[in-house]
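The sequence shown begins at 3 in the working numbering and counts up by one. Each remark here refers to the structure printed beneath this line.
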Amino acid sequence: MNWQLSAPQTEAQWLAYYQLRWQVLRAPWDQPKGSEQDESEAVSFHRMVCTEAGEVVAVGRLHKVDENTAQVRYMAVSDQWQGHGLGAMVLQQLEQVALEQGMQRIILNARDTASGFYQKAGYYYLEPANALFGIAHHRYVKTLAFSASAQLLQQWVPELQQTFWQKIPLSSYMQLKVQQVDRQKICCVAPLEPNINLHQTMFAGSIYTLGTLTGWGMVWLLLKDQQLDGDIVLADGHIRYLKPVTGQAEGRCWRHQSQPDFSALAQQRKAKLEIKVGIFCDDIQVAVFEGRFAVLPKKTH
3 MNWQLSAPQT EAQWLAYYQL RWQVLRAPWD QPKGSEQDES EAVSFHRMVC
53 TEAGEVVAVG RLHKVDENTA QVRYMAVSDQ WQGHGLGAMV LQQLEQVALE
103 QGMQRIILNA RDTASGFYQK AGYYYLEPAN ALFGIAHHRY VKTLAFSASA
153 QLLQQWVPEL QQTFWQKIPL SSYMQLKVQQ VDRQKICCVA PLEPNINLHQ
203 TMFAGSIYTL GTLTGWGMVW LLLKDQQLDG DIVLADGHIR YLKPVTGQAE
253 GRCWRHQSQP DFSALAQQRK AKLEIKVGIF CDDIQVAVFE GRFAVLPKKT
303 H
């Protein structure tokens, strides 16, 4: 199936969009037509998934709550298309909209049966929410951006670069550089020439190292952002090579894809987190690195 993900445009699409909302989220509780809409529709961002035939099978909405916070509401998937990843598709698109709008976090209210879905998508339990139609709901949150200002993040870049070159000598031989750090991501690059193999493409070990160090850099920034310290180690790592790298490689790691819990450090225990890094060459994704990192508490003497 070639799914079509877009915003409703035509009158027919809007009617089908709201019909699915009502059918999934209101009709089972005998709520009238119209109850699937509220006063924020006109100032919200709407997304839907359609089949090749144009049938609307999944919907979701995002609206701004305040300057830094957006809320996801009215997530619904047609009963016959449950389990096909359509809800995740809509949610990821709404998250992308929130990033483009400069939001720092997303909140949402989920019923018990949907909690696992949102937890899998990186949302953390925040607090109980108001019940709806007698159904208990819970508020979840996902952080999209570093709390530090863009200016402060820029000040950290030279320190991270020196940490790489001085404490991880391989990064210096590779000529790996921290190219960019902003409130949403870190990008590290490595040129082809010092990392070339006999096929005149980038050595697989260099690509793996670029993924590892970009992820390591993200963990370093996450700790710095929360004013914490610890020894960062890679516990496990996997990479999928998608295409040969024929030029400069760039590792990109997004803040919203990692929701760290460093509370264990306060008890002098190691914290664990999963990090995903995309490797690109000429803006084409050439590899995906996934690492499980551990942060060990600093030893006190």
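Each residue gets a CB set at the ideal place from its N, CA and C atoms; glycine is no exception. For clarity, every value in this text was computed on a predicted model and none was experimentally measured.
Applying the 10 Å Cβ sphere with the 16-neighbour rule, what's the burial state of residue i?
| i | result |
| --- | --- |
| Gln73 | buried |
| Asn2 | Residue 2 lies beyond the stretch modelled for the chain, which goes from 3 to 303, so this question has no answer here. |
| Gln95 | buried |
| Tyr76 | buried |
| His48 | buried |
| Gly219 | buried |
| Gln106 | buried |
| Arg23 | buried |
| Val67 | exposed |
| Thr211 | buried |
| Glu38 | buried |
| Glu41 | exposed |
| Tyr120 | buried |
| Ala268 | exposed |
| Arg63 | buried |
| Phe148 | buried |
| Gly118 | exposed |
| Pro262 | buried |
| Ser208 | buried |
| Ile286 | exposed |
| Ala44 | exposed |
| Thr216 | buried |
| Met50 | buried |
On the three-state DSSP scale, how would you describe residue i?
| i | result |
| --- | --- |
| Thr214 | helix |
| Ile209 | helix |
| Lys179 | strand |
| Val276 | The residue asked about is misnamed: residue 276 is Glu in this sequence, not Val. Correct three-state label for Glu276: strand. |
| Asp263 | coil |
| His61 | With the sequence shown as reference, residue 61 is identified as Val, and His is not the correct amino acid for it. Strand at Val61. |
| Asn132 | strand |
| Lys66 | strand |
| Ala55 | coil |
| Asp184 | coil |
| Asp227 | helix |
| Ala172 | The question names Ala, yet the displayed sequence has Leu at residue 172. It is helical. |
Using a Cβ-based criterion (distance less than 7 Å to any ligand heavy atom), does residue i qualify as near the ligand NAP?
| i | result |
| --- | --- |
| Ser174 | Ligands are entirely absent from the displayed structure, and the ligand NAP is therefore not among its contents. |
Could you check where the beta strand (DSSP E) with residue i kicks off and where it finishes?
| i | result |
| --- | --- |
| Glu292 | 286 to 298 |
| Glu252 | 251 to 256 |
| Met50 | 47 to 52 |
| Ser80 | Element bounds for Ser80: n/a, residue is neither H nor E. |
| Ala192 | 187 to 192 |
| Ser8 | 6 to 8 |
| Asp238 | 233 to 243 |
For residue i, report the span of its alpha helix (DSSP H) as first-last.
| i | result |
| --- | --- |
| Gln98 | 88 to 102 |
| Asp114 | 114 to 122 |
| Phe166 | 152 to 169 |
| Gln15 | 13 to 27 |
Residue i bridges to which residues according to DSSP?
| i | result |
| --- | --- |
| Tyr126 | Val143 |
| Met204 | Ile198 |
| Arg107 | Thr71, Thr145 |
| Val221 | DSSP, once it has assigned bridges, lists no residue as partnering Val221. |
Hey, does residue i have any beta-carbon neighbour from chain D nearer than 8 Å?
| i | result |
| --- | --- |
| Val183 | Among the chains of the structure shown, chain D does not appear; only one protein chain is present. |
Determine, using beta-carbon pairs with one atom in the stretch 154 to 167 and one in the stretch 39 to 55, whether at least three such pairs fall under 8 Å.
-> no
The stretch 168 to 181 touching the stretch 132 to 146, judged by at least three CB pairs closer than 8 Å = no
Taking one C-beta from the stretch 218 to 232 and one from the stretch 193 to 209 each time, how about it: are there three or more such pairs within less than 8 Å?
-> no
Would you call the stretch 288 to 295 and the stretch 234 to 242 in contact, with 3 or more CB pairs under 8 Å?
-> yes
Is it true that the stretch 245 to 255 meets the stretch 184 to 197, where meeting means three or more beta-carbon pairs spaced less than 8 Å apart?
-> yes
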